[in-house]
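Protein chains in written order, with this note's numbering: chain A, 36 to 643; chain B, 36 to 643.
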């Protein structure tokens, strides 16, 4: 089976011509023409058709045609008049399928026979123009708001030009079971529209109009959904229809590429469920790479990484040497590895610039990234002799793919004149990495990290900072060997001013904090009021809390475990955290507000 | 009766000290201390108490204390332990009232007697520390989610240290009738929290945490609500508790001033309902000015307003002369008046800088604005000899208050060497003015225009532009003599790049368009596709549509009437519209997307 890909023009920003060009450049086979985009365009229908032809795009659907059925006969006369004008227009565009939504406005007759009769007569008119009608149940249709009822009406209409349109949002937002899609003959599903969405409890119309997402960015189970549609025998395009306030205003080509990535990811999800949607030009589904096992290294780039060296020494890292050909230094402690990179770093304050992931088969993981059209990073300063594949994430972080190693990674041998690694390191590895996301890139980043690295999209939380709410969304591997927290800062933050951080794991955070203090580290100062509150909230021994207070260590507890951690001061745009987890699943969100307030005061003091 | 004003620290951005300073500077009498603000503060409770004292602020409430009742006895032991720690803390702060929320987390016992018994025992402990408990029903409380039930439990508890807290959000968001508040003895209402909110259909917890607004900015009827509370005999402070994603990140003093304005407006609303809430320092409620009757003039400021002069001439305006002492020119047509101001305008592209409003009693309106702490505009270039009061709106627009005039306004006499006004003007006045709002200022602007000018807050709409959704909110006078559309542009717009406009009214838009065309005006080009769609949507005569297409005129129809209009090209940051209404209530939102797309193409072409 060969499935084509398509995208509704409403998903993209710009003029209709901009949208067509971006869809073609991102590799889509076709587009749905959203009527308001055509109405606002100075190009004639014939010019649009010619542009699409030149770009190699088919025009797959004209949409939407509203308020067509369930109306009184005198209103239906006007429906036919409107439809005729649109069918003629579709002839000029060369589009043969029209989306007909269930009536959300003018319907007064709640009767399947009436709706079917009116669709049948509309079908007669459509057939005369070579047009097919794809009838869809809107989630907020006045009478018809369930795809099963829309299909019943199509069955009753029993007209070759009348079929149904299946839209994942309208079905999954209502919690309707998509399994019954398999009972619809595939050739009567005239069109398929796909959209994901975040889990929100709000009116379905606003949810649909503002918050739809591309597959893989939200919480719908689209793999299962699409499986039902394909088992029904649907052979039309996989088409995206995503109304989203952000995508409407962001770079059109970037959004189109993100959209294409989402379909590739979705096809892969379905292929793993043993439904064959392979395309001739993509004989294999995505390489099944498994998930990265752990974080190989993090890289801090700075014109002068000296202060980072000092901080790492205080945290107990061992200096492993300088790279033999570049101004790059390596620090390790257990499996926690930090690369300090001063190459091509003029005017850079310390910045978290790259994260390496240990994967079972770096070549397969790289092929997966390429298949998902992740942008490759070519010139690399880090590994030199050892050629690690690298890709650029939407937030600008460079993602490296390294072979899994039990001891030192192979690339560590390129560093010279350092010391021996400590025998019994207090830090054991990287617990999680927090990456700041520009608001325009957040959804794209969730899809990027979860698809390219095969991670799962997990929980979201909001944390109050003194200057706004920070949203934090976790993507991670099943066994938590890799955890990334993607943070969106409030708009009022200076985009560049929101620091990123690396959390190192330990089994004795107090020992790490005490040693660091002895070596001169000043942890982020935590107010006494925090410790008073800690005593009130948890029945902890006063002496234990006093020790935490002395060392700037924070504490949280959830249903299953405990979390003890501390933060360093921020250097440029990066800081470090040391965490000790005992059967604890979260990230200390309860303490993050206090940390953000402390950082706010520090940054202001430095700015004053 | 003397009511004090208070504000919860969670309404404001910054550190706890920042918040106290801003509350004091804005003129509040006290604050509610939101616990996380204290926990994140490096100042000790004693220092906070001393700062508040020095600033002349009382600390009115400590909040919130959660999950206190409806629990098993073994959990309640821990509730008492937690509470004791907080009562001691309140002693250090000098706060005597604690907010106790209905249990939304740990409650397992749905029994008023149990909750009452536990509150009574908590009350015993509180009384020993000189603390009173204000028990509040959260809208999402597990068992107790209605203020009437919370009051029943307080009655059952029957303890002098146990009263209730009334919060407008928790009551009005659930649609509960607030009238029963009058049955609660005023001295058992220990605290009153006020918040407005927009009409949203979403889960009440998210609505509460992100979207609360200050009174007058949303859609709750807080005047009626507060009337009930005052008739119950409540004598505590009017306190604002507004969780809002925007206010959390905007300038703290500005937000505090906006908050104070909202309470002044609300007190006035209640006073008009004959409940006396006058304060000794404000013997009069706001002057009852009535609403402005019409727009007196609009001012366009530019280094070179020449192109505006040309455009006004094409639209049929009469040049009425130059100001006798300033580089300012006046154009009029009927009651439509445009002032072109080149004073202190170096490097200014044409900008809509001021709007004059005709009011019955300018002195009273100015007193009203001062009472609402609207910032005065002092140095004025416009009127010179005639001294019009002027105030600066949150969006930077200057608001002038002019005496109502049947013919030329008195200040027009300061313009010399112009022509006579036309006898039978085609344009008759200003239909509406569209003002662009930065996203941070939108709610503040709704409150500012509706309170200072005594306008009513009306409908909101969203319109798709090629680069995002534009939100448009109307404030207007009852008789529509004054209409302002407040527009919030998508973030991706360059803030300065979103043009504002003035819509002039006419009873013959085609004649205006034709005359303008003859005088060389090029209207904003509207695509042919728009007119094809117009023919499909409405059964209009083809010849009429052809004439509209020739003149760039657009058309809309609603249930009651028709709207015909056209737009000029944009000059700098301003353009004009000419509208003909026939029993039509809207603003042509159906056409705004086409207009925005045309402007987008024009601006891009100019930028290329």
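We treat Cβ as the ideally placed atom computed from N, Cα and C, and that holds for glycine.
Everything numeric in this text was worked out from a predicted model, so none of it was measured.
Checklist entry - Going by DSSP, which residues form a beta bridge with residue 520 of chain A? => result A/469, A/509
Next on the checklist: Between which residues of its own chain and residue 418 of chain B is the CB-CB distance below 6 angstroms, once the five residues before and five after are set aside?
Outcome noted: Residue placement at residue 418 of chain B is poorly supported in this model, since its pLDDT is 49, which falls under 50; the coordinates still yield a value, given next. For residue 418 of chain B, where only same-chain residues beyond five positions count, the Cβ hits under 6 angstroms are 446.
Item to check | Three-state secondary structure assigned by DSSP to residue 46 of chain A | outcome: helix
Next on the checklist: My output table needs one value for residue 383 of chain A: the three-state DSSP class, helix, strand or coil.
Outcome noted: coil
Checklist entry - Using a Cβ-Cβ distance under 8 angstroms, would residue 370 of chain A count as near chain B? => result no
Checklist entry - So, is the C-beta of residue 293 of chain A closer than 8 angstroms to a C-beta in chain B? => result no
Checklist entry - By DSSP, does residue 71 of chain B sit in helix, in strand, or in coil? => result Assigned with DSSP and collapsed to three states, residue 71 of chain B falls in helix.
Checklist entry - Per DSSP, residue 336 of chain B is paired with what? => result BP columns for residue 336 of chain B point to B/376, B/386.
Checklist entry - Does the separation of the CB atoms of residue 262 of chain B and residue 305 of chain B fall below 8 angstroms? => result yes
Checklist entry - Where do the ends of the beta strand (DSSP E) carrying residue 99 of chain B lie? => result 93-100 is the span of the beta strand (DSSP E), which, as asked, contains residue 99 of chain B.
Item to check | Three-state class that DSSP yields for residue 366 of chain A in the structure shown | outcome: strand
Item to check | Interface partners of residue 593 of chain B on chain A, CB under 9 angstroms | outcome: Those within 9 angstroms of residue 593 of chain B in chain A number zero; the least Cβ separation is about 13 angstroms.
Next on the checklist: Quick check on residue 576 of chain B: buried or exposed, where buried means 16 or more other Cβ atoms within 10 Å of its Cβ?
Outcome noted: With fewer than 16 Cβ atoms within 10 Å of its Cβ, residue 576 of chain B is classed as exposed.
Checklist entry - Quick one: Cα of residue 118 of chain B to Cα of residue 157 of chain B, how far? => result 8 angstroms
Next on the checklist: Could you check whether the Cβ of residue 43 of chain B sits closer than 8 angstroms to any Cβ belonging to chain A?
Outcome noted: no
Checklist entry - In three-state terms, what does DSSP make of residue 303 of chain B? => result helix
Item to check | CB contact flag (residue 283 of chain B, residue 371 of chain A, <8 angstroms) | outcome: no
Next on the checklist: Please report whether the beta-carbon of residue 138 of chain A lies at a distance below 8 angstroms from any beta-carbon of chain B.
Outcome noted: no
Item to check | Extent of the continuous alpha helix (DSSP H) to which residue 348 of chain B belongs | outcome: 341-349
Item to check | residue 564 of chain B - partner residues in DSSP beta bridges | outcome: Beta-bridge pairing links residue 564 of chain B to no other residue.
Item to check | Check whether residue 385 of chain B and residue 428 of chain B have beta carbons under 8 angstroms apart | outcome: Taking a C-beta distance under 8 angstroms as the contact criterion, residue 385 of chain B and residue 428 of chain B do not qualify as a contact pair.
Next on the checklist: So for residue 608 of chain B, helix, strand or coil by DSSP?
Outcome noted: coil
Checklist entry - So which residues of chain E does residue 121 of chain B contact, with C-beta pairs closer than 7 angstroms? => result Of the protein chains in this structure, namely A and B, none is chain E.
Next on the checklist: For residue 273 of chain A and residue 449 of chain A, I'd like the C-alpha separation in whole angstroms.
Outcome noted: 48 angstroms
Checklist entry - Nearest CA to the CA of residue 175 of chain A: which residue from A/169, A/209, A/165? => result A/209
Next on the checklist: Can you check whether the C-beta of residue 620 of chain A is within less than 8 angstroms of a C-beta belonging to chain B?
Outcome noted: Closer than 8 angstroms to the CB of residue 620 of chain A there is not a single CB belonging to chain B.
Checklist entry - What does DSSP give as the partner residues of residue 134 of chain B in its beta bridges? => result B/169, per the DSSP bridge assignment.
Checklist entry - Is the Cβ-Cβ distance between residue 277 of chain B and residue 230 of chain B less than 8 angstroms? => result A contact, by the Cβ cut-off of 8 angstroms.
Checklist entry - When we look at the beta-carbon of residue 631 of chain B and count the other beta-carbons within 10 Å, is it buried (16 or more) or exposed? => result Per the 10 Å Cβ criterion, buried.
Checklist entry - Could you give the C-beta distance for residue 150 of chain B and residue 172 of chain B, rounded to a whole number, given that I count them as a contact under 8 angstroms? => result Going by Cβ atoms, the distance from residue 150 of chain B to residue 172 of chain B rounds to 11 angstroms, so no, they are not a contact pair.
Checklist entry - Looking only at its own chain, which residues have a Cβ that is under 7 angstroms from the Cβ of residue 378 of chain B, when we skip the five neighbours before and after it? => result Excluding sequence neighbours, residue 378 of chain B sits near 361, 362, 363, 416.
Item to check | Terminal residues of the beta strand (DSSP E) in which residue 355 of chain A lies | outcome: 353-358
Next on the checklist: Would residue 558 of chain A and residue 602 of chain A qualify as a contact pair, given that the criterion is a beta-carbon distance under 8 angstroms?
Outcome noted: yes
Checklist entry - Grouping DSSP H, G and I as helix and E and B as strand, with all else coil, what is residue 602 of chain A? => result strand
Item to check | residue 252 of chain B versus residue 482 of chain B: straight-line alpha-carbon distance, rounded | outcome: 5 angstroms
Item to check | Separation of residue 303 of chain B from residue 310 of chain B, as counted between CA atoms | outcome: Any reading at residue 310 of chain B must be qualified, since the residue scores a pLDDT of 47, below 50, and its modelled position is unreliable; the value itself is stated next. Taking the straight line from one Cα to the other gives about 10 angstroms.
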